[in-house]
Amino acid sequence: MVGNNITNRMSSVRDRRFFRSLIGGIRILISDKLTMIYLGFISFVLLLAVIGPLIVPYGYNERIYGPDGEILFSAAPTLAHPLGTTDSGYDVLSRIVYGARPTVVTGMVSGFMIFSIGMTIGVVSGYVGGRVGNILMRFTDLTYSIPLIPFALVVVAIFGSGFYVSIVIIGAVLWRGLARVIRSQVLQIKERPFILAAKTSGASTPYIIFKHVLPNVAPMGILFLALGTGYAIVIQAGLAFLGVTDPFVPSWGIMVRNAYESGMMSSALWWSLPPGFLISITVLSLFMLGRRLESQITQNEESMIAEAG
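Residue numbers (this note's numbering): 217 to 525.
Encoded structure:
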């Protein structure tokens with residue numbers, strides 16, 4: 217009974233320390249102007265994904281007609297159409313806004329898959345170890361031998377091209393880096409005194425993992441969640457460019473592909489550049505925000521440990 221009370225108190229202290237580190241890290245980030253720019257751009261993209269289709273002036277497949285009744289094919293930017301039109305007569309700005317939602321969904325769903333699969337395999341293989349850990353890590357090594365693009369082509373040949381197929385392809389392969397990093401961290405954490413004390417007091421393995429291990433690897437998990445989300449957006453755009461995804465789902469990657477297939481990549485810059493620019497800035501903002509948050513959480517935890525010691 218005494219051992220359990222000690223373990224509960226230790227867990228409570230560590231949980232409070234992690235959340236205090238998280239809150240402290242967020243406060244520091246908010247006070248940083250450059251980080252606020254990244255956060256503001258990500259918030260802007262999320263807002264476009266949520267309400268964008270409700271406020272656009274034209275439909276995704278709505279052709280634009282000029283005063284003479286003719287379709288405006290590849291029209292240059294004007295006040296009425298700030299980003300011009302495509303070679304099919306569609307408003308580019310409206311398509312950009314529509315493309316935010318599938319792009320964000322791809323990043324969030326794939327990023328969550330990468331985070332959940334990688335964290336689970338990394339923590340279990342690192343803490344449990346033994347035969348279970350060896351099997352999980354050999355499976356992880358196997359995924360490293362799978363090239364993403366050829367794998368995507370094979371899956372599409374079997375199941376057909378589709379928006380959610382591309383998401384599953386990305387999430388099913390890109391968790392491997394997170395799993396290896398988390399496993400290496402867990403192997404170090406499991407030998408620390410507070411873990412040994414919890415084992416001695418009779419704490420169960422799930423209890424130790426959720427109360428002691430996860431709070432210590434959470435900063436790295438947050439970083440990889442941001443990296444995975446950004447990398448998923450880039451990969452999805454690449455798969456869309458190669459024709460592996462559903463061409464009728466309006467994403468920024470599909471827009472780049474359509475501009476390329478039209479042969480107007482250089483002559484219609486108002487059409488080809490904006491989606492590529494948005495993809496690049498979104499991924500950069502995600503990476504920088506995740507890196508800064510992970511760094512601040514780690515620094516706050518180290519300072520709290522030093523004060524406690």
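By construction, the Cβ of each residue, glycine as well, lies at the ideal position given by its N, Cα and C atoms.
From residue i to residue j, what does the alpha carbon distance come to, in whole angstroms?
{"i": "residue 415", "j": "residue 427", "result": "12 Å"}
{"i": "residue 481", "j": "residue 472", "result": "8 Å"}
{"i": "residue 439", "j": "residue 474", "result": "33 Å"}
{"i": "residue 434", "j": "residue 339", "result": "11 Å"}
{"i": "residue 407", "j": "residue 401", "result": "11 Å"}
{"i": "residue 333", "j": "residue 453", "result": "22 Å"}
{"i": "residue 384", "j": "residue 347", "result": "28 Å"}
{"i": "residue 251", "j": "residue 446", "result": "16 Å"}
{"i": "residue 418", "j": "residue 499", "result": "45 Å"}
{"i": "residue 376", "j": "residue 431", "result": "40 Å"}
{"i": "residue 368", "j": "residue 324", "result": "19 Å"}
{"i": "residue 301", "j": "residue 248", "result": "38 Å"}
{"i": "residue 420", "j": "residue 409", "result": "16 Å"}
{"i": "residue 231", "j": "residue 380", "result": "Summary for residue 231: the model assigns pLDDT 49, below 50, so the residue's position carries little reliability; its value from the coordinates is reported in the next sentence. Near 36 Å, if we compare the C-alpha coordinates of residue 380 and residue 231."}
{"i": "residue 462", "j": "residue 505", "result": "30 Å"}
{"i": "residue 508", "j": "residue 343", "result": "27 Å"}
{"i": "residue 180", "j": "residue 257", "result": "Nothing can be reported for residue 180: it is not among the residues displayed for the chain, which extend from 217 to 525."}
{"i": "residue 277", "j": "residue 457", "result": "19 Å"}
{"i": "residue 483", "j": "residue 297", "result": "17 Å"}
{"i": "residue 331", "j": "residue 393", "result": "10 Å"}
{"i": "residue 289", "j": "residue 374", "result": "37 Å"}
Looking at residue j and residue i, is the spacing between their C-beta atoms short of 9 Å?
{"i": "residue 395", "j": "residue 364", "result": "no"}
{"i": "residue 467", "j": "residue 322", "result": "yes"}
{"i": "residue 460", "j": "residue 382", "result": "yes"}
{"i": "residue 536", "j": "residue 469", "result": "There is no way to answer for residue 536, as the model of the chain reaches only from 217 to 525."}
{"i": "residue 478", "j": "residue 307", "result": "no"}
{"i": "residue 448", "j": "residue 386", "result": "yes"}
{"i": "residue 403", "j": "residue 320", "result": "no"}
{"i": "residue 299", "j": "residue 280", "result": "no"}
{"i": "residue 425", "j": "residue 391", "result": "no"}
{"i": "residue 264", "j": "residue 501", "result": "no"}
{"i": "residue 310", "j": "residue 275", "result": "yes"}
{"i": "residue 441", "j": "residue 327", "result": "yes"}
{"i": "residue 335", "j": "residue 437", "result": "yes"}
{"i": "residue 359", "j": "residue 397", "result": "no"}
{"i": "residue 361", "j": "residue 399", "result": "no"}
Tell me, please, which residues DSSP counts as bridged to residue i.
{"i": "residue 279", "result": "306"}
{"i": "residue 495", "result": "DSSP, once it has assigned bridges, lists no residue as partnering residue 495."}
{"i": "residue 287", "result": "281"}
I need the DSSP call for residue i, collapsed to helix, strand or coil.
{"i": "residue 301", "result": "strand"}
{"i": "residue 362", "result": "coil"}
{"i": "residue 510", "result": "helix"}
{"i": "residue 391", "result": "coil"}
{"i": "residue 478", "result": "coil"}
{"i": "residue 223", "result": "Because the pLDDT at residue 223 is just 45, under 50, the model does not fix this residue reliably, and the value given afterwards should be weighed accordingly. DSSP places residue 223 in helix when its eight states are reduced to three."}
{"i": "residue 293", "result": "coil"}
{"i": "residue 431", "result": "helix"}
{"i": "residue 382", "result": "helix"}
{"i": "residue 397", "result": "helix"}
{"i": "residue 464", "result": "coil"}
{"i": "residue 217", "result": "Its pLDDT being 44, under 50, residue 217 is placed unreliably in this model, and the value from its coordinates should be taken loosely. Coil, per DSSP."}
{"i": "residue 215", "result": "An answer regarding residue 215 cannot be provided, because it is not within the stretch 217 to 525 covered by the chain."}
{"i": "residue 357", "result": "helix"}
Given 8 Å as the limit, is there contact between the region 258-271 and the region 311-327, that is, 3 or more CB pairs closer than that? Yes, since at least three Cβ pairs between the region 258-271 and the region 311-327 fall closer than 8 Å, the two stretches touch.
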